[in-house]
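Below: one structure, written as structure tokens.
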Ligand code: KIV
Ligand code: NA
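Residue numbers (my numbering): 242 to 515.
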């Protein structure tokens, strides 16, 4: 078992801020774990940032399983969380259970679903059988079509009530935490005060128990990042410069240089590099 458990995450509420970041492959997950981040999360946002789709609606269980396997191989300390993709848990509790099991068997320590009140039965069932669950309310990207795109939530009484209802249902059903995405900060604060489980915010202000960001947004390698994401580095520029150098050097006959190849005359010190 990894060091950071759902129980530890729960106990961090009110004591220490929880950090979470998405990762979708082995090298990224290694770095996230090394950085000391608490939760490494295989989000269905991979549909957009890795596969170039305009939304998360056609992410498959197969994609989630493959990426979860790669991330799980890398992470020793952090909690590995995997998203349940659109269509994998809405049809019936049975299907939700089967698909959650697949993610756990791919190496996840817990799964995340969008919504709360609509899935109380599924959450309770998963928790009772030993699969820790995180919920997700506020902006739920899998409702992209109904919402008419991505927008801030919690501006009306009705939306605030729906968000609170989700969080309470998740708490009641035994979820260990809840993501609150892109709500007015006051709404996230209210939810954080109203439930005993940790709230992990994204685009919802500082009055929550933790923060989550998408890998590509944080590192500057995605062109359509949301306005609330902070870019901690501009890796896109660094990568582009490296690729341009490689392209230029090959065309100019500068790469490979003398230190990158061996000829017959070198045979006596052939092992100098190999
Ligand atoms: O898939 C994802 O990256 C998410 C986070 C934005 C919470 O669900
Ligand atoms: Na997601």
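Cβ atoms here follow ideal geometry from the backbone N, Cα and C, with glycine treated the same way.
Which residue wins for smallest C-alpha separation from residue i, given the options the options?
i: residue 398; options: 431, 366, 386, 417; result: 431
i: residue 336; options: 311, 307, 366, 256; result: 366
i: residue 278; options: 311, 263, 458; result: 263
i: residue 450; options: 292, 426, 381, 464; result: 426
i: residue 457; options: 306, 266, 304, 258; result: 266
i: residue 419; options: 392, 388, 380, 390; result: 380
i: residue 333; options: 357, 347, 468, 363; result: 363
i: residue 465; options: 296, 257, 255, 271; result: 296
i: residue 243; options: 286, 271, 307, 317; result: 317
i: residue 355; options: 382, 459, 370; result: 382
i: residue 408; options: 442, 357, 387; result: 357
i: residue 271; options: 311, 303, 495, 259; result: 311
How should residue i be labelled, buried or exposed, when 16 other C-beta atoms within 10 angstroms of its C-beta is the threshold for buried?
i: residue 501; result: exposed
i: residue 288; result: buried
i: residue 445; result: buried
i: residue 417; result: buried
i: residue 423; result: buried
i: residue 480; result: exposed
i: residue 285; result: buried
i: residue 411; result: buried
i: residue 325; result: buried
According to DSSP, which residues form a beta bridge with residue i?
i: residue 300; result: According to DSSP, which records beta bridges pairwise, residue 300 is partnered with nothing at all.
i: residue 321; result: 281
i: residue 351; result: 322
i: residue 440; result: 419
i: residue 452; result: 260, 442
i: residue 376; result: 419
Whole angstroms is fine: what's the gap from residue i's alpha carbon to residue j's?
i: residue 384; j: residue 368; result: 24 Å
i: residue 403; j: residue 281; result: 28 Å
i: residue 269; j: residue 453; result: 15 Å
i: residue 455; j: residue 261; result: 9 Å
i: residue 327; j: residue 313; result: 22 Å
i: residue 273; j: residue 508; result: 42 Å
i: residue 321; j: residue 482; result: 33 Å
i: residue 275; j: residue 283; result: 17 Å
i: residue 341; j: residue 323; result: 9 Å
i: residue 475; j: residue 246; result: 32 Å
i: residue 306; j: residue 389; result: 29 Å
i: residue 504; j: residue 497; result: 13 Å
Taking 8 Å as the cut-off, does the stretch 364 to 379 touch the stretch 337 to 351 (at least 3 CB pairs, one atom from each stretch)?
yes
Indicate whether the contact test is met: 3 or more Cβ pairs, each with one atom in the stretch 246 to 255 and one in the stretch 423 to 439, closer than 8 Å.
yes
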